[in-house]
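**Q** In my numbering, the protein residues as written are 417 to 721.
Pasting the structure below:
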């Protein structure tokens, strides 16, 4: 293996022209430089320098090796810069899995922030529901997951996966403004006679709604299902039924639909998840800090003013 330090001396001689200039540049003695270059010649098995009068110049083999040395040293310098950026969390490539309403809001805003800055880690995003996102992190298919749980639906976290809380958001009752049940706060029991529009039955959001209504003493009469909360809000606007909707899921609100806090509050907790083995990764730590800032900026109280 060629000594990189000696290669650097050879490249410096090629660039600066004299042993004295190399010694001054590297803050070493001229005899020391000469000794290291002779050692490099012995390692290579070829003469790399020759005397021309009082000057030491490179041989053809020396010039060829010096050319490679410049390339090697440039690559090493680039590697050092990239490693410094990785240590600062300003570089790297990360796969992120997030549930749709978080992907549309805090993750998209984070990505825009990185794009505007023109620096930072490269992201690759997949929208996945929390169970699938956690499984992807645990198996190495994703580096970071943005997941949720509800105050009435706890979530199991796989072994070797750790989480960081981002925010707690309210869950609202989405109801037409002209519904007789409208009040400052609504007891879910007062909606037992209403039709309901709900997320798909295989989603945690459906379980949240079913449990909340069960605690209120009734089983909701679900007349429509969709995994798209915009569809649910449109159905509420059309008078099809009422719905329970997490705050982040409200992209826009139809004019005749209002959001009301339930008398027994329901909250959705949003977390970042990653493998414990990556807990010290500077890039991931930086992404999580940025997501925390975006989540904090979006958070609002559990009651609408």
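Just so it is clear, CB atoms sit at the ideal spot from N, CA and C, and this is done for glycine as well.
Grouping DSSP H, G and I as helix and E and B as strand, with all else coil, what is residue 468?
**A** If DSSP states are grouped into helix, strand and coil, residue 468 belongs with the strands.
**Q** Under 8 Å by Cβ, that's how I've got residue 664 and residue 518 pegged, so tell me the actual separation to the nearest angstrom.
**A** Confirmed, Cβ separation roughly 6 Å.
**Q** Note down the Cα distance separating residue 601 from residue 680, rounded to an integer number of angstroms.
**A** Rounded to whole angstroms, residue 601 to residue 680 spans 9 Å at the Cα level.
**Q** Using only the alpha-carbon positions, how far apart do residue 606 and residue 623 sit?
**A** Each residue's alpha carbon lies about 20 Å from the other.
**Q** Check whether the Cβ atoms of residue 400 and residue 563 sit closer than 8 Å, and answer yes or no.
**A** In the structure as shown, the chain starts at 417 and stops at 721, and residue 400 therefore has no counterpart that could be examined.
**Q** For a minimum of 4 consecutive residues, which ranges assigned as the alpha helix (DSSP H) are wholly contained in the region 617-701?
**A** Runs of the alpha helix (DSSP H) inside the region 617-701: 620-631 and 645-653.
**Q** How about residue 661 and residue 551: do their beta carbons lie closer than 8 Å?
**A** Taking 8 Å as the Cβ cut-off, residue 661 and residue 551 do not qualify as a contacting pair.
**Q** When burial is assigned at 16 or more other CB atoms within 10 Å of the CB, is residue 476 buried or exposed?
**A** With fewer than 16 other Cβ atoms within 10 Å, it is exposed.
**Q** In the DSSP output, what is residue 562 paired with across the bridge?
**A** 514 and 688.
**Q** How many angstroms separate the CA atom of residue 608 from the CA atom of residue 635?
**A** When rounded, the distance between both Cα atoms is 8 Å.
**Q** Please name the residue or residues paired with residue 539 in a DSSP beta bridge.
**A** 510, per the DSSP bridge assignment.
**Q** Using a Cβ-Cβ cut-off of 8 Å (strictly less than) and excluding sequence neighbours within five positions of residue 682, which residues of its own chain qualify?
**A** Closer than 8 Å at Cβ, skipping near neighbours: 566, 567, 568, 586, 587, 624, 628 and 660.
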